[in-house]
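Some notes on the structure that comes next.
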Amino acid sequence: MIQSVGRAARILKALGSESARLGVTELAERLGLAKATVYGLLRTLEAHQLVEQDLETGKYRLGPALLQLGNAFLDNNELRARSLLWAETLAGRAGEAVHVGVLYGPNVLLVHHVFRPDNSLQILQVGASIPWHACALGKAIVAYLEPAARDELLAGTLPRLTGRTLTTRSALEAELERVVDGGVAVEDQEAIVGEAGLAAALFDNRGAVVGAIGLAGPVERLLPDGPAAEAVAAVKEAARGLSRELGAGRLAAPGAGA
Amino acid sequence: MDAACVRRWLGEVAARLEAERDFLTQLDAAIGDADHGINMHRGFTAVMARIAAAQHSVPGQLLKLTGRTFISTVGGAAGPLYGTAFLQAGEALGEHERFGPRLLLDALRASLEGVQRIGAASVGDKTMVDALTPALAAYQLELRMGGSLETAVSGAREAAAEGSRATIPLQARKGRASYLGPRSVGHQDPGATSTALMFAALEQAVLADRSQRFAAGAKRPVSGP
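Printed below as a string of structure tokens:
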């Protein structure tokens, strides 16, 4: 490991975790480094536009080059690139917000988000990280993981996010079986009170699960009396179409049957 | 407290939510989905219309009506959470026409329990519980030390405001803000903020109630024979 690169990464993460800007002294204290060291690192990062200095206060904040890198990360995500059209179509058909996510450790990372098409003010959730066991996307993905990978996640920490989060291995195992049986994962206020989700897994040309696409919205609309049949059909169709595009071809994806 | 005082409280909450609507939405835009102010305002506008039509309700019924209205009109997490809080408080007050500081303590406790049952949040998770819990504790402590309803609600107001400000350095562990991980640090929680607003409104309603009763009491001898 290169020490200075590690330190530079810690500076970026510190600046990324606060809305406030940080000065050299604050950063040095927080990271337990000498001020001169931090200053040198900041000057180098600044030269690459990874941080920038506020001229009035002299404090540092994240720089514009990070936005370009973040966008490049998203652009290079093939799943996201391919999902754009399908996600847009699904949002229009269901009248709800659409999320596309991939598994990243024990969390689902949202790589794409289409707003609910009703002109209301909404906040882009791309980059959000949601514990897999609490959301429809995560359950849809994990249901189709190889047994070893699935077991590892089931044996990990399963934090409670609401009164309805499933937090035991046995409850989640039964839930994952339901996902495979129905071809759709249901989230009933398990991540956020009042919010529901419906999601289906996405497969590549080897039939391996690579992510999930789904709807997110108010529980009374998505699960009026159990999952809304039309919404479930729309999610499954989008997942099937997108999987085909990802190369799943005519290989019958588990649970993706009509 | 009686039904008139409860109405005054709810009216004061509605007025404050109208004034703070954009501020709450702004807080929510930073770490949530930018609808808290709008949702709370819409909910309380509906509440005011419904309780105006409920002429002869006792305090418990008014609060239950508030809770039901909230659940049916407010989207997001605020609807079920605040709805449950008001419903539980209403249940605790039962059919009493008037209630004192002890019953209000029961109502506040029932609210917190209801919120925690559906939200599973603890103090420090950066949610409304961070305002509600210290408010309840301060209220209870004030009563134990022999304080009045007035001093107890003042203590609760102060503790709730302090609790909401104390959410700023916290990393969210519940709600949409938790999806942001460390990026949620440095922002005040909108739910804790609206809870603090409700305690400020409660204090104002209780103090206004008292000064009105003093005024009425002072008038009587004058207007008497």
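Just so you know, the sequences run in chain order B and Z. Each residue of the first sequence is one higher than the one before, starting from 1 at the first, in the numbering used here. Each residue of the second sequence is one higher than the one before, starting from 1001 at the first, in the numbering used here. Built from N, CA and C at the ideal position, the CB exists for glycine as well.
In whole angstroms, what separates the C-alpha of B/Leu124 from that of Z/Arg1021?
-> 21 angstroms
What three-state label does DSSP hand B/Arg261 in the structure shown?
-> Nothing about residue 261 of chain B can be read from this structure; chain B reaches only from 1 to 258.
Identify whether Z/Ala1120 lies in helix, strand or coil by the three-state DSSP scheme.
-> Here Z/Ala1120 sits in coil by DSSP.
Report the rounded CA-to-CA distance for Z/Arg1183 versus B/Gly16, giving the unit in angstroms.
-> 7 angstroms
Which partner residues does B/Phe203 have in the DSSP bridge list?
-> B/Val209
Hey, how far is the Cα of Z/Gly1163 from the Cα of Z/Thr1127?
-> 10 angstroms
Return the chain-ordered list of same chain residues with a C-beta closer than 8 angstroms to the C-beta of B/Ile130, the five sequence neighbours on each side being excluded.
-> Gly101, Asn107, Val108, Leu110, Leu137, Gly138 and Ala191
With a CB to CB cut of under 8 angstroms and the five nearest residues on each side skipped, what residues in its chain are close to B/Pro151?
-> Before going further, note that residue 151 of chain B is Asp rather than Pro in the sequence given. Excluding residues within five positions, none has a Cβ falling inside 8 angstroms.
Listed in chain order, which residues of the stretch 203-218 of chain B have Cβ atoms closer than 7 angstroms to some Cβ of chain Z?
-> Pro218
Take B/Gly92 and list the residues in its own chain whose beta-carbon comes closer than 7 angstroms to its own, dropping the five residues that flank it on each side.
-> Pro117
Does the pairing of the stretch 181-197 of chain B with the stretch 61-77 of chain B give three or more beta-carbon distances under 8 angstroms?
-> no
For B/His113 versus B/Ser83, is the C-beta distance shorter than 8 angstroms?
-> no
What residue range is occupied by the uninterrupted beta strand (DSSP E) comprising Z/Val1185?
-> Looking at the DSSP string, Z/Val1185 is not in any beta strand (DSSP E), and its letter there is neither H nor E.
Cross-chain neighbours of Z/Gly1181 in chain B, by beta carbon under 7 angstroms = Ser129
Range of the contiguous alpha helix (DSSP H) that encloses Z/Gln1140 | Val1129 to Arg1144
Compare the C-alpha of Z/Ala1160 against each of Z/Ala1053, Z/Leu1132 and Z/Gly1094 and name the closest.
-> Z/Leu1132
Name, please, each residue of chain B whose Cβ falls closer than 9 angstroms to the Cβ of Z/Asp1106.
-> Simply none; closest approach about 21 angstroms.
So, using beta-carbon positions, are B/Gly63 and B/Glu52 closer together than 8 angstroms?
-> yes
For B/Leu161, does the three-state DSSP call read helix, strand or coil?
-> coil
With respect to the beta strand (DSSP E) encompassing B/Leu109, which residues constitute its N-terminal and C-terminal limits?
-> Asn107 to Val114
Touch test, the stretch 140-156 of chain B against the stretch 205-224 of chain B, Cβ-Cβ under 8 angstroms, three pairs minimum | yes
Could you tell me how far apart the beta carbons of B/Lys35 and B/Val24 are, in whole angstroms, since I believe they sit closer than 8 angstroms?
-> 6 angstroms
B/Asp188 - DSSP class collapsed to helix/strand/coil | strand
Buried or exposed (CB count within 10 angstroms, at least 16 for buried), B/Asn205 | exposed
Among Z/Gly1175, Z/Pro1169, Z/Leu1103 and Z/Ala1138, which residue has its Cα nearest to the Cα of Z/Gly1186?
-> Z/Pro1169
Between which two residues does the beta strand (DSSP E) harbouring B/Tyr104 extend?
-> Ala97 to Tyr104
Give, in chain order, every unbroken run of the alpha helix (DSSP H) that is at least 4 residues long and sits entirely within the stretch 137-181 of chain B.
-> Listed in chain order, the complete alpha helix (DSSP H) runs (minimum 4 residues) inside the stretch 137-181 of chain B are 147-155.
Short-range partners of chain B found in the stretch 1058-1083 of chain Z, where Cβ spacing is below 7 angstroms = Listed in sequence order: Gly1075, Gly1076, Ala1077, Gly1079, Pro1080 and Leu1081.
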